[in-house]
Structure formats: structure tokens, C-alpha cells
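Contents: one structure, followed by commentary.
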Amino acid sequence: MFKVLVSDPISDLGIQKLVDAADVAVDKKPGLSEDELVAIIGEYDALLVRSQTRVTPRIMEAGKKLKVVGRAGVGVDNIDLEAATQRGIIVINAPDGNTITTCEHTFAMMMAVARHIPQAYLKTVGGVWDRKSFLGVELRNKVLGVMGMGRIGSEVAKRAKAFGMEILGYDPFLTEERAEKMGIKLASVDDIIRNADFMTVHTPLTPETRHMISRKQFEVMKPGMRIVNCARGGIIDELALVEAIDQGIVAGAAFDVFEVEPPAEDHPFLTNPKIIVTPHLGASTVEAQENVAIDVSEQVLHILRDEPFINAVNMPPIPANVRSVLQPYFPLGEKLGSFIAQLTAGAVKEIVISYAGDLADVDTQPLNRYVVRGVLAHHLGTDQVNVVNSMHLAKERSVNVVVNKSSVAKDFTNLVTVTLRTEEAERKVSGALMTGYGPRIVQIDSYPVDVAPEGNLLLVSHTDKPGIIGSVGTKLGNNDVNIATMQVGRKLAGGDALMVLTVDKQVPASVIDDIVTLPELHKAKVISL
Ligand SMILES: NC(=O)C1=CN([C@@H]2O[C@H](COP(=O)(O)OP(=O)(O)OC[C@H]3O[C@@H](n4cnc5c(N)ncnc54)[C@H](O)[C@@H]3O)[C@@H](O)[C@H]2O)C=CC1
Ligand SMILES: O=C(O)C(=O)COP(=O)(O)O
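In this note's numbering, the protein residues as written are 929 to 1457.
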């Protein structure tokens, strides 16, 4: 008999299939603390959660029988994926079931902020008949900026068109072609900030999206903008938003999510008359809760019964014989993918993976998934892309993955080259495993280099002239950035060259801005691996 613990309020109807299964016993215990969960999790084979339960490494450690954690919803930021993967616990989510519900909540919030509905309600039920204070604005003919055109963002854009809004969409995977098909304009973050009347965010929370709207963006924002966040707290810098409202830049904001949930009693959003809030209700409808619970229950049953399953967000087991040959290349493949994604600007169209040498004779599919994961995780978040779903996500986002093989690898036993084609550029990086040194990046575009793919890298393209290396070193030194290693790749003496530095800490943006002012210096780019 399999034992399943449900530790958040999850739809009874949705989990009926689990309850009815003859080989499963379901316990519903919402609201347990971490200690309480640690005390009982050892007897369970599966854990079902929403966003409240934090599934920590301690809980995974205590879950000696735990095979699967099922998230009845999209975001898995409350589940420690690393710890789950390490212990071979499969984490699955239900990515499609709450899309429409969250999109509709976004609209409810956008209209409520346009028409001051919560504020007007409070006054009216308080006995004050105030028709003067709540002059609103129409949505019609307004520009709506949508940051993140995935499942929810796309549905929001679709509905906004019916309201007569003009839509500017931004997403690393949004191509001109798809935008045109949807009848929206492909835009940059800057276009949206400067031109939108309303802005709504629908990205995951990743290092790249954290505070993607902060002081710098508010400074150049179109005055009078109204902002909605029904995605994740932290995408918009909360304190900077309050300042922008006080300065009259932002006319109103509607937030369903907070950087810390629930927010502290003295959180400034709770007393600001121009900010309306809901307690993370985006997915809270009867329909969505049933959908996500049904989806996740079905997959949990498959996993418990050792049947094929979908929607895993962490690592699946890989056959032992394939693993032994390819495993040493997994970190290299993923890092090459991440490296090239960070280096190449523009919407991703094609990933070309070329294997040269002995690897040409092996079924490289598991390794391909690592490379694609490296590329996509930079944009979608490491919690959303793994080696189970990376190829599927690439297909879903119309990213073409091409694999080439050649048995000849000049100078190396095996060479893995990843070429990334975007709407704006084509860049490539090659890597190899060097006996005694581990994974190395051996070529960037056409520049030969020898760099360990780890930590903070600084890439500087420049003309090969005396003194440039020293000047870059001095600028870094003056800003307390220590250089660990340095490489210069060049094609011809006196021609174009590429300097690759490994540095002991992230180079601040202001230092990069300063470095690029040096003569004969073309570009500088920070890459974290
Ligand atoms: N308030 C709530 O109750 C709910 C919140 N959510 C949250 O809504 C968000 C979106 O969910 P879905 O649409 O289902 O996910 P999705 O994965 O379909 O879409 C996310 C999109 O964001 C894009 N993106 C990533 N980084 C970006 C960047 N730097 N700039 C612009 N776009 C970027 C991705 O390319 C992707 O297309 C997630 O954070 C999810 O956790 C989802 C359901 C309910
Ligand atoms: O699905 C998501 O990402 C959500 O944020 C919904 O969270 P919830 O299941 O309502 O706690």
C-alpha cells in the first residue's frame, strides 16, 4: 500500500482518483510546520503540495520512502529541487491547469486598479458615498506591456486585444513571427517601460527576473503607468515601486504576490492607497484547483506504480551503461549551453550541438538534453527546465535543436561545440574534457582559448594592441576585483582579439561601463557559470 500525504489545501474532487485507488492511502494534513512534517514524512511514498508547504532538504532527508513530490500548480520555488534530485525524488508539477484562472485574476486586478474598485468598496460599505475620489481610466486604446509571453502572458495578451488594447510583448523566446501571428508587437523591456500605460509580469522568478523592474526602470518609466504582478513577488522591486508611486511615476499597482509571503504587518503595500493586493489568489478557482489536482494525482499514481509519467521538473534516472560514457560530459554540456545563452543576445531560434571524436559513435541524447537545459534555463529558470523536459520545452517554444556528428576531432579526443542562433546573432563555443584538468572551454567563436567553465568570467573583445590587457587589469584592480586567470585568443597579431578573465567576484555593471570606455576595446560581457 502506497501512502500519500497532502500537506496543503488541495481540491478533494481533484484527488479523488488517488483516494479511490485500491493500492493508495491518502492522509490530508494541511498546515503542518517543518518539524511536524519531518516527524511524519518517513512513512509516506508521495507528498502533494501547493505553494505554502516549503519542501526543504530536511524534509527530503527524513522522507526515506519518498518517491515523488507533486506540486498542484506551476511554480516549484517552494520545493528544494537540488535536494530532491540528489535523493532521487521526482518532482512533478501541473503546468497547464491554472493558466486561464491566473490570466483571469490578472484581468480582474488590472480592471480593479483602473477603476479603484477595492478602495471604492471600502468607502461605500463604510457609509461614505464618495463619487469624486475614484475617477478611473479605460483600458481601450491603452498600451499594455506583457513581460513574459508564456502560457499565462499569452492568454492575457489574447484577452487584452478584445478590450481594444495595443500589446507590447517581451520574452526571450518570442520571435517576430509569433508576435505577428498573435497580433501583438515584439518589444524590449525598455520599449515597455517607456511606452506602456499598463504593465503586467508573467515570468518565473529567476536571478535574471529578480527586480527586473527597479529604480533604474522607474526613472525612465512613462508617467501614470499602472502595474500588475500576479506571477511572483520580487520580479518588481517592492520598495522601488512604493517610491515610484510616491513620486507620481506609477499611478497604481495591483499585486497578488509578495517577496515574502505572507507579508509583514507593516509592509508598505498594505497601507498605500494606490496599491491593491490579494493573498496569492491567482490560481484559486474551483476549476483550476480541480484541474491541477487531477493532473498531479494522475502523475503521482503513475510514478508510484512505476509507469511512464510526464511533467517531471527534476532529473530522471539514466540507464547505467549510457551514464558511464556520457556522465563526465554532462556538466560540460550544460555549462556550454549556459555560456552561449548568456553570450548571445536575441530570441533563441536554433541550438546546434556538434560532436566530434569518439562521442560521434554514442547515443548522445541524454547529453543533448543537458546542453539544451543549459541554454533554456538561462531564460526560463533552473527550477522549470531539467533534463526530462528540456527538449519538450525547446519544441514548445519553437526552438530548433540540431545535432551534428563527425568522427574527427582535430587536437582533441572529443569536442563538443554549441552554436546558438538567435534573431540577432550567431555565436558558438567549444569545450572538451582534458585529462587531469577536467572540462575546458577551448574555443569561443573563432578564438582559441583554454578556460575552466566555472565561476565568474569576463569576456572582453578588443584590438590586439600593447597596453590593453594592463589597462583592463588596472580598472579591475582599482575596483577590488581580483583576477584569477587570464587568456587572450587572437586570430592575427594586431587584429581582433578576445580576452577571457576569471575573476573572484562578479564584476559590477558600473565597472563594465567603465572598461568599455577604454580605447580599442569593443565589448565586455560578464558570464556566470
Ligand atoms: N499568482 C498565482 O497564483 C500564480 C502564479 N503563477 C506564476 O506565473 C508565472 C508564469 O506562469 P506560466 O505562464 O505558467 O509560465 P511559463 O513558463 O509558461 O511562462 C513564463 C515565461 O517567462 C519567460 N521569461 C523568462 N525570463 C524572462 C525574462 N527575463 N523576461 C521576459 N520573459 C521571461 C519565459 O520565456 C516564459 O515564456 C510563474 O512565475 C508562475 O509561478 C502561475 C500560476 C498561478
Ligand atoms: O501555480 C503557481 O505557480 C501558483 O503560484 C499557485 O499557487 P497556489 O497553488 O495557489 O498556492
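C-beta: ideal position from N, C-alpha, C; glycine also. Note that this is a predicted model, so its numbers are computed, not measured.
Under the three-state reduction of DSSP, Met-1038 is assigned to helix. If you ignore the 5 residues before and after Asp-1008, its C-beta comes within less than 7 Å of the C-beta of Val-983, Thr-984, Pro-985 and Met-988, all in its own chain and listed in chain order. Its Cα nearest to that of Val-1435, the residue Val-1409 stands out among Val-1409, Gly-1111, Gly-1417 and Glu-1354. Looking at Arg-1349, Glu-1351, Ile-1369 and Thr-1350, the one whose alpha-carbon comes closest to that of Val-1357 is Ile-1369. Looking at the backbone, the Cα of Leu-1169 and that of Phe-1186 are separated by about 12 Å. Each of Arg-978, Ser-979, Gly-1001, Val-1002, Gly-1003 and Ala-1211 has a C-beta closer than 5 Å to some heavy atom of ligand 2; these make up the full list, in chain order. Assigned with DSSP and collapsed to three states, Asn-1342 falls in strand.
Partner residues in the beta bridge of Gln-1371, as assigned by DSSP, are Ser-1358 and Pro-1376.
Distance from the CA atom of Lys-1086 to the CA atom of Arg-1079, rounded to whole angstroms, is 11 Å. Gln-980 sits in coil when the DSSP states are folded into three classes, being neither helix nor strand.
Along the region 1165–1216, the alpha helix (DSSP H) occurs as fully enclosed runs of 4 or more residues at 1166–1174, listed in sequence order. For the pair Ile-1020 and Trp-1057, the Cα-to-Cα distance works out to about 50 Å. Beta-bridge pairing by DSSP links Ser-1456 to Asn-1384. Rounded to whole angstroms, the separation of the alpha carbons of Leu-946 and Leu-1229 is 7 Å. For Ile-1007, no beta strand (DSSP E) segment is defined, and its DSSP state is neither H nor E. Around the C-beta of Gln-1227, 16 or more other C-beta atoms lie within 10 Å, and the residue is accordingly described as buried. Proximity of the region 1329–1340 to the region 1252–1260 falls short of the contact definition, fewer than three beta-carbon pairs being nearer than 8 Å. Met-1319 has its CB no nearer than 8 Å to any heavy atom of ligand 1. For Met-1110, the three-state secondary structure derived from DSSP is helix. Contact holds between the region 930–943 and the region 958–978, because three or more Cβ pairs, one in each stretch, are under 8 Å apart. Between the region 1140–1147 and the region 1090–1097, the count of C-beta pairs closer than 8 Å stays below three; the two stretches do not touch. The C-beta separation of Ala-1048 from Arg-1154 comes to about 16 Å, leaving the pair out of contact by the 8 Å criterion. For Ala-1412, the enclosing beta strand (DSSP E) has its first and last residue at 1411–1418.
Taking 9 Å as the cut-off, the beta carbon of Val-1299 is found closer than this to the beta carbon of Val-1344.
A distance below 7 Å between beta-carbons, with the five flanking residues on each side excluded, links Gly-1001 to the following residues of its chain, in chain order: Arg-978, Ser-979, Asn-1021, Ala-1022, Asn-1026, Ala-1211 and Val-1220. Distances from the alpha-carbon of Asp-1174 to those of Val-997, Pro-1201, Gly-1161 and Asn-1317 put Pro-1201 closest.
Residue pairing by DSSP leaves Ala-1437 without any beta bridge partner. In this model, Tyr-1283 and Phe-1340 are separated by some 11 Å (Cα to Cα).
Looking at the DSSP output, Ala-1322 sits in no beta bridge, so it has no partner there. For Asp-1119, the uninterrupted alpha helix (DSSP H) run begins and ends at 1117–1123, by DSSP.
At least one heavy atom of ligand 1 sits closer than 8 Å to the Cβ of Val-1117. Taking 9 Å as the cut-off, the Cβ atoms of Val-1071 and Cys-1031 do not count as close. Distances taken from the Cβ of Pro-1023 to the heavy atoms of ligand 1 include one shorter than 8 Å.
In the DSSP assignment, Arg-1154 falls outside any alpha helix (DSSP H) and within the unbroken beta strand (DSSP E) covering 1153–1157. Non-local beta-carbon contacts of Pro-1151 in its own chain, meaning distances under 6 Å to residues more than five positions away in sequence, involve Ile-1177 in chain order. Below 8 Å, too few C-beta pairs join the region 1109–1123 and the region 1285–1295 to call them touching: fewer than three.
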